[in-house]
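Letter by letter, the sequence shown follows residues 843 to 1162 of our numbering.
Just so you know, even glycine gets a beta-carbon here, dropped at the ideal spot from N, CA and C.
As the structure is a computational prediction, the values presented were derived from the model and not from experiment.
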Amino acid sequence: MSHKIGILTSGGDAPGMNAAIRAVTRSALKRGMEVYGIIDGYKGLVEGKIIPLERGSVSDIMVRGGTILGSARLPEFKLEAVRQKAVEQLRSYGIDSLVVIGGDGSYRGALELTHMGINCIGIPGTIDNDIVGTDYTIGFDTALNTIVQAIDKLRDTSSSHHRCSVVEVMGNHCGDLALYSAISCGAEVVITPEMGYDEEEVLERLRYLEQIKKKRHSIVILAEKITDADMLAKKITSATGFSGRATVLGHIQRGGSPTPQDRVLATKMGDKAVELIDNGEGGKCVGIINNEIVGVDIEQALTSPKKSRKQLYEMFERLV
């Protein structure tokens, strides 16, 4: 059994990370462990920014977005010499287990530390839902709710002006936020990395909807890093009867108080992470698969193919 464990959040912040920090802290304390919070992710770990956490340290944080421990990116962590400094910092505190809350980059760091003798458990905290080994990540539901609220408001104004709104959402090479929000809002077009992008096909569909179906407004949801939203909106204005307008939601999608679903998911995952550590297991990540909280090898999560959304895309197309 581990007596001292550390917790850090790494990469982009996600609503629900604080709920996970709270669950890990209190679950570990209940099992008689000492808990340490690491400030600013792997960067803070290398710099020795390590503080003790008590039960009261995590009071009232569940409702807050972001992460009370802070986060920072550290590309140099891929260097063994830098990771060795991190290991030395942990050992100086007697910490032999580490819970890492973050995305796939954070998981890679956790796997490397496991190989260096630190018992690491990953918890999937990212709004992008791009982690294999779990059906849903912490923060995805809250970000989806934020997007849906924004699109619902845009539809109200679009319908008053014979307008087509192009809404760019986050996702980092994963189309789940775009796809799920498109289904939730009844969008006319969704553009994601998984389905590819054919500009003429998009314009043709909008012309059909406007001229044949006599639609007064349309919503196009665009996953980031595929094409320029403003440029697409201008092309829609020149090539269809709609007036194109672009809205890039940006980092507003990362913020806000987590939804109850994210709070419960984060709490379950945090508790499971401590259970794995208590059982002497390392090099694993926590996931929810078919509504069951499970532990999966980090290596497997990093190398397995992403779960197909083919059926959801086909359903979306049938309903347009």
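Taking the DSSP output, what are the residues bridged to Cys-962? Leu-940.
Ordered list of alpha helix (DSSP H) runs contained in the region 954-1041, each at least 4 residues: The qualifying runs are 982-1002, 1018-1027.
Beta bridge counterpart(s) of Glu-876 as assigned by DSSP: Note: Glu-876 sits in a beta bridge opposite Lys-846.
Terminal residues of the continuous alpha helix (DSSP H) containing Ile-910? Here Ile-910 belongs to no alpha helix (DSSP H), and DSSP marks it neither H nor E.
CB-CB length for Gly-1137 against Glu-1123, believed under 8 Å: Contact holds; Cβ gap of about 6 Å.
Do Tyr-949 and Ile-892 have their C-beta atoms closer together than 8 Å? Here Tyr-949 is not near Ile-892, since their CB atoms are 8 Å or more apart.
Are the CB atoms of Leu-1154 and Leu-1021 within a distance shorter than 8 Å? Cβ atoms of Leu-1021 and Leu-1154: closer than 8 Å.
Are Ala-1088 and Val-1008 closer than 8 Å when you measure CB to CB? Against a cut-off of 8 Å, the Cβ pair of Val-1008 and Ala-1088 comes out as a contact.
Roughly how many angstroms separate the alpha carbons of Ser-901 and Ala-1108, rounded to a whole number? Here the C-alpha atom of Ser-901 lies approximately 15 Å from the C-alpha atom of Ala-1108.
Residues bridged to Ile-1130 [DSSP beta-bridge criterion]: Ile-1135.
Using a threshold of 8 Å, state whether the C-beta atoms of Ile-989 and Pro-1035 are closer than that. It is not a contact, given that the beta carbons lie outside the stated cut-off.
Presumed contact (8 Å Cβ cut-off) between Ile-880 and Leu-911, rounded CB distance: About 7 Å separates the beta carbons of Ile-880 and Leu-911, which is inside the 8 Å limit, making them a contact pair.
Could you say which of Pro-1100, Gly-1098, Glu-1046 lies nearest to Ser-1080 if we only look at CA atoms? Ser-1080 has its Cα closest to that of Glu-1046, out of Pro-1100, Gly-1098, Glu-1046.
Let me check understanding here. Comparing Cα to Cα, which of Thr-867, Ser-1026, Asp-983 lies closest to Pro-1102? The shortest C-alpha separation from Pro-1102 is found at Asp-983.
Could you give the DSSP three-state label for Thr-1109: helix, strand or coil? Three-state DSSP puts Thr-1109 in a helix.
Whose C-beta lies closer than 8 Å to the C-beta of Gly-1144 among residues of the same chain, with five residues either side of it excluded? Before going on, a small fix: residue 1144 reads as Leu here, not Gly. Closer than 8 Å at Cβ, skipping near neighbours: Asp-946, Tyr-949, Arg-950, Leu-953, Val-974.
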